[in-house]
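Asker: Can you read through this structure? Questions will come right after.
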Amino acid sequence: MSLLLEIVTPEKLAYRDQVDEVLVPGADGQLGILPHHTPLIATLGVGELRIRKGAAEEYFAIVGGFLQVRPDKVVVMAETADLASEIDLERAQQARRDAESALSSAYVEAADVAAARAALDRALVRIRVAERRHREGPRARG
Amino acid sequence: MASQRDIRRRIGAVKNIKQITRAMQFVAASKLKRAQDATLAARPYSEKIDEVIADLATVLSGEDHPLFAKRDGGTRLIVFITTDRGLTGPLNTNAIRFALREVVEHDASGGGLTLVTVGRKGRDAMRRAHVPVEAHFSGFGDRPTFGDVTALARLVTDDFLAGTYSRVDLVFTRFVSTLTQRPTLDRLLPMEPRPDTEGVPGNQFLFEPDPSTVLRQLLPRYVATRIYQAVLENTASEWSSKMVAMKNATENAEELIEDLTLSYNKVRQANITREMTEIASGANAR
Chain A
1 MSLLLEIVTP EKLAYRDQVD EVLVPGADGQ LGILPHHTPL IATLGVGELR
51 IRKGAAEEYF AIVGGFLQVR PDKVVVMAET ADLASEIDLE RAQQARRDAE
101 SALSSAYVEA ADVAAARAAL DRALVRIRVA ERRHREGPRA RG
Chain B
1001 MASQRDIRRR IGAVKNIKQI TRAMQFVAAS KLKRAQDATL AARPYSEKID
1051 EVIADLATVL SGEDHPLFAK RDGGTRLIVF ITTDRGLTGP LNTNAIRFAL
1101 REVVEHDASG GGLTLVTVGR KGRDAMRRAH VPVEAHFSGF GDRPTFGDVT
1151 ALARLVTDDF LAGTYSRVDL VFTRFVSTLT QRPTLDRLLP MEPRPDTEGV
1201 PGNQFLFEPD PSTVLRQLLP RYVATRIYQA VLENTASEWS SKMVAMKNAT
1251 ENAEELIEDL TLSYNKVRQA NITREMTEIA SGANAR
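Listed in order, the protein sequences are those of chains A and B. First residue of the first sequence? That's 1 in our numbering, and the numbers climb one at a time after it. First residue of the second sequence? That's 1001 in our numbering, and the numbers climb one at a time after it.
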């Protein structure tokens, strides 16, 4: 028994496949979803989404959105979703530095602070997901 | 009659124009393809959002909730989407005429109206027609991204929640086919949830943390998605209209070149005949 997982973002369908288990970053902590889960609609936070398919695992860095669970199907509606292997680590680190310097400069408006915080969160989760792939890459591929 | 040299110069000029319009036609064709792909790629997300809203509407008993309930009176907001650039055939003219008719009709009914424009052409036209424009967004380019519309979406959402507007409409040019683009008005807010027919009925879902919170977080994304879709459709319309306009321009240039070549040959023939006559009469005179 497997589960159909769809990850959609405003710009594209990012993922669609049968999987065995999904771990998503819920608004208050990780949520693990197996087949035959109770129907659920939840808000998501910023974090790492983990997909288990047999022995293989895949990772997405996702930012904000919603989760709709049906017994045989999970739909993740995220603002952005980047597959670990497609994350540009360099760019994420640059984004992190930009956000940090924006936050530490003396004259920032409230709206900019919120935007910079959000950008920092996004950069951090991308870096985390991308780095995990570097560490665990060979095993996940094997 | 124009001299041979003048006509030759005009033929050269028209040939140059033809080259440019032909290049623009091909550029528009490839950008149209890209815009259509982007529109299709954005569809799954908006369909899912609609589905969740349908689920929420069954739980939040539709008509009572401020986001679903129709309100009478109050100010109406129209978000009017046009292109930044011209040379798009009748696209913007039609959209502007459509929007102005909507504005005039609304004025006659006596309610307040606020206009927000996306795209330079619409703003300029409204300014010329002395219709005040509250806010303006432009520079989304050939490939609008979701990030481009979030500022506009936030403005719309916040003002609607604050009660500034009782109704929000989108006016844009819908892409029907390569040959047909139609100015359209779509209601954005209050929401019109579609019947909850798909999959699990809404009342069987658990909502985490609770339905109102989910709806509150969903709203800005719903608004942004709807605006994004409209902007993408408008972009597809822009390119297909431009492609057709440039195709016509290229064909007109070809026709003009034919006509000019014909009169060039006539003038040339006339000149030769005249010279022949002169030589012959000169020889006869001797």
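All residues carry an ideal CB built from backbone N, CA and C; glycine is no exception. These numbers come from a predicted model, not from an experiment.
(1) Looking at Gly64(A) and Val46(A), is the spacing between their C-beta atoms short of 9 Å?
(2) Judging by CA-CA distance, which residue of Arg1154(B), Ala1013(B), Pro1195(B) and Leu1113(B) is the nearest neighbour of Gly1073(B)?
(3) Ser1138(B) to Gln1004(B), Cα distance in whole Å?
(4) Is there at least one Cβ from chain B nearer than 9 Å to Leu13(A)'s Cβ?
(5) Which residues in the same chain have their Cβ closer than 7 Å to the Cβ of Arg141(A), if we skip the five residues on either side of it in sequence?
(6) Give the range of the alpha helix (DSSP H) segment to which Asp1124(B) is assigned.
(7) Since Tyr1228(B) meets chain A, which of its residues come closer than 8 Å, beta carbon to beta carbon?
(8) Using the Cβ count rule (16 or more neighbours within 10 Å means buried), how would you classify Lys1266(B)?
(9) Give the range of the alpha helix (DSSP H) segment to which Lys1018(B) is assigned.
(10) Let me confirm a value: Pro138(A) is counted as buried when at least 16 other C-beta atoms fall within 10 Å, else exposed. Which label applies?
(11) Let me make sure I understand the geometry here. Which of Val1104(B), Gly1147(B), Arg1097(B) and Ala1029(B) has the alpha-carbon closest to that of Thr1082(B)?
(12) What residues from chain A crowd round Ile1049(B), counting only those whose CB sits closer than 7 Å?
(13) Listed from N- to C-terminal order along the chain, which residues in the segment 39-68 of chain A have their beta-carbon within a distance smaller than 7 Å of any beta-carbon of chain C?
(14) Comparing the C-beta of Glu6(A) with each C-beta of chain B, is any distance below 9 Å?
(15) List the residues of chain A whose Cβ lies closer than 9 Å to the Cβ of Glu1208(B), in chain order.
(16) Can you find a CB in chain A that lies within less than 9 Å of the CB of Pro1044(B)?
(17) When you compare the segment 122-130 of chain A with the segment 1206-1218 of chain B, are there three or more beta-carbon pairs, one atom per stretch, that lie closer than 8 Å?
(18) At least one CB of chain B closer than 9 Å to the CB of Asp82(A): is that the case?
(19) What are the partner residues of Glu21(A), as DSSP defines its beta bridges?
(20) How big is the Cα-Cα spacing for Gly1282(B) and Arg1274(B)?
(21) Just to confirm, are Ile1227(B) and Ala1153(B) a CB contact at a threshold of 9 Å?
(22) Quick one, which of Ile1078(B), Thr1088(B) and Arg1008(B) has its alpha-carbon nearest Val1027(B)'s?
(23) Smallest Cα separation from Val1133(B): which of Phe1140(B), Asp1142(B), Pro1144(B) and Arg1120(B)?
(24) Can you pull the chain A neighbours of Gln1217(B), defined as C-beta to C-beta under 8 Å?
(25) Are Pro1201(B) and Thr1021(B) touching if we call contact CB-CB under 9 Å?
(26) Between Gln1204(B) and chain A, is any beta-carbon pair separated by less than 9 Å?
(27) Taking 9 Å as the CB-CB limit, is Ala1175(B) close to chain A?
(28) Compare the C-alpha of Phe66(A) against each of Gln1269(B), Val1052(B) and Leu1260(B) and name the closest.
(29) Using a threshold of 9 Å, state whether the C-beta atoms of Leu1040(B) and Ser1240(B) are closer than that.
(30) Give the secondary structure of Pro1193(B) by DSSP, where H, G and I count as helix, E and B as strand, and everything else as coil.
(31) Mapping DSSP to helix, strand and coil, what is Thr9(A)?
Answerer: Well, looking at it:
(1) The count along the first sequence starts at 1 and reaches residue 46(A) at position 46. The count along the first sequence starts at 1 and reaches residue 64(A) at position 64. It is a contact, given that the beta carbons lie within the stated cut-off.
(2) Here the question's residue 1073(B) lines up with position 73 in the second sequence. The residue with the shortest Cα to Cα distance from Gly1073(B) is Leu1113(B).
(3) Counting from 1 along the second sequence, the entry for residue 1138(B) is found at position 138. Counting from 1 along the second sequence, the entry for residue 1004(B) is found at position 4. Between Ser1138(B) and Gln1004(B), the C-alpha separation is close to 48 Å.
(4) Counting from 1 along the first sequence, the entry for residue 13(A) is found at position 13. The C-beta of Leu13(A) comes closer than 9 Å to at least one C-beta of chain B.
(5) Residue numbering aside, residue 141(A) sits at position 141 when the first sequence is read from its first letter. Reliability of the predicted coordinates at Arg141(A) is poor, the pLDDT of 41 falling under 50, and the value obtained from them is presented with this limitation in mind. So no residue of the chain qualifies.
(6) Looking up residue 1124(B) in the second sequence gives position 124. Arg1120 to Arg1128 is the extent of the alpha helix (DSSP H) around Asp1124(B).
(7) Along the second sequence, read from residue 1 onward, the residue named residue 1228(B) stands at position 228. Result: Pro10.
(8) In the second sequence, the residue the question calls residue 1266(B) occupies position 266. By the 10 Å Cβ count, Lys1266(B) comes out exposed.
(9) Reading the second sequence from its first residue, position 18 is the one you call residue 1018(B). Membership of Lys1018(B) in the alpha helix (DSSP H) is indicated by the continuous run Gln1004 to Val1059.
(10) Mapped onto the first sequence, residue 138(A) falls at position 138. Because Pro138(A) sits at a pLDDT of 48, beneath the cut-off of 50, its placement in the model cannot be relied upon, and the point is left open.
(11) The sequence position of residue 1082(B) within the second sequence is 82, counting from 1. The option with the nearest alpha carbon to Thr1082(B) is Arg1097(B).
(12) Here residue 1049(B) refers to the residue found at position 49 of the second sequence. Within chain A, the C-beta atoms nearer than 7 Å to that of Ile1049(B) come from Met77, in chain order.
(13) Note that chain C does not occur in the displayed structure, where the protein chains are A and B.
(14) Here the question's residue 6(A) lines up with position 6 in the first sequence. So yes, Glu6(A) belongs to the interface.
(15) Taking the second sequence and counting its residues from 1, the one referred to as residue 1208(B) is at position 208. Here the neighbours are Gly26, Ala27, Asp28, Leu31, Leu40, Ile41, Ala42, Thr43 and Leu67.
(16) In the second sequence, the residue the question calls residue 1044(B) occupies position 44. The Cβ of Pro1044(B) sits closer than 9 Å to at least one Cβ of chain A.
(17) No, the segment 122-130 of chain A does not touch the segment 1206-1218 of chain B.
(18) Sequence index remark: in the first sequence, residue 82(A) carries index 82 (1-based). False, the Cβ-Cβ gap to chain B never drops below 9 Å.
(19) Residue numbering aside, residue 21(A) sits at position 21 when the first sequence is read from its first letter. For Glu21(A), the pairing in a beta bridge is given by DSSP as Arg52(A).
(20) Working through the second sequence from its first residue, we reach residue 1282(B) at position 282. Working through the second sequence from its first residue, we reach residue 1274(B) at position 274. Rounded to the nearest angstrom, the gap between the Cα atoms of Gly1282(B) and Arg1274(B) is 12 Å.
(21) Indexing the second sequence from 1 puts residue 1227(B) at position 227. Indexing the second sequence from 1 puts residue 1153(B) at position 153. Taking 9 Å as the Cβ cut-off, Ile1227(B) and Ala1153(B) qualify as a contacting pair.
(22) Your numbering for residue 1027(B) matches position 27 in the second sequence. Cα-wise, what sits closest to Val1027(B) is Thr1088(B).
(23) Taking the first residue of the second sequence as position 1, residue 1133(B) is located at position 133. Of the candidates Phe1140(B), Asp1142(B), Pro1144(B) and Arg1120(B), Arg1120(B) places its Cα closest to the Cα of Val1133(B).
(24) What you label residue 1217(B) is simply residue 217 of the second sequence in a count that begins at 1. In chain order: Thr43 and Phe66.
(25) Indexing the second sequence from 1 puts residue 1201(B) at position 201. Indexing the second sequence from 1 puts residue 1021(B) at position 21. Not closer than 9 Å, so no.
(26) Indexing the second sequence from 1 puts residue 1204(B) at position 204. Output row for Gln1204(B): interface = yes.
(27) Translated into positions along the second sequence, residue 1175(B) becomes position 175. A small correction: the amino acid at residue 1175(B) is Phe; Ala does not occupy that position in the sequence shown. No, Phe1175(B) lies away from the interface with chain A (no Cβ there is under 9 Å from its Cβ).
(28) As a working mapping, residue 66(A) is identified with position 66 in the first sequence. Among Gln1269(B), Val1052(B) and Leu1260(B), the Cα nearest to that of Phe66(A) is on Val1052(B).
(29) Position 40 of the second sequence, counted from the start, is the residue given in the question as residue 1040(B). Position 240 of the second sequence, counted from the start, is the residue given in the question as residue 1240(B). Going by C-beta atoms, Leu1040(B) is not nearer than 9 Å to Ser1240(B).
(30) Counting from one through the second sequence, the residue named residue 1193(B) turns up at place 193. Reduced to three states, the DSSP call for Pro1193(B) is coil.
(31) As a working mapping, residue 9(A) is identified with position 9 in the first sequence. Look at Thr9(A) here: in three-state DSSP terms it is coil, with no helix or strand label.
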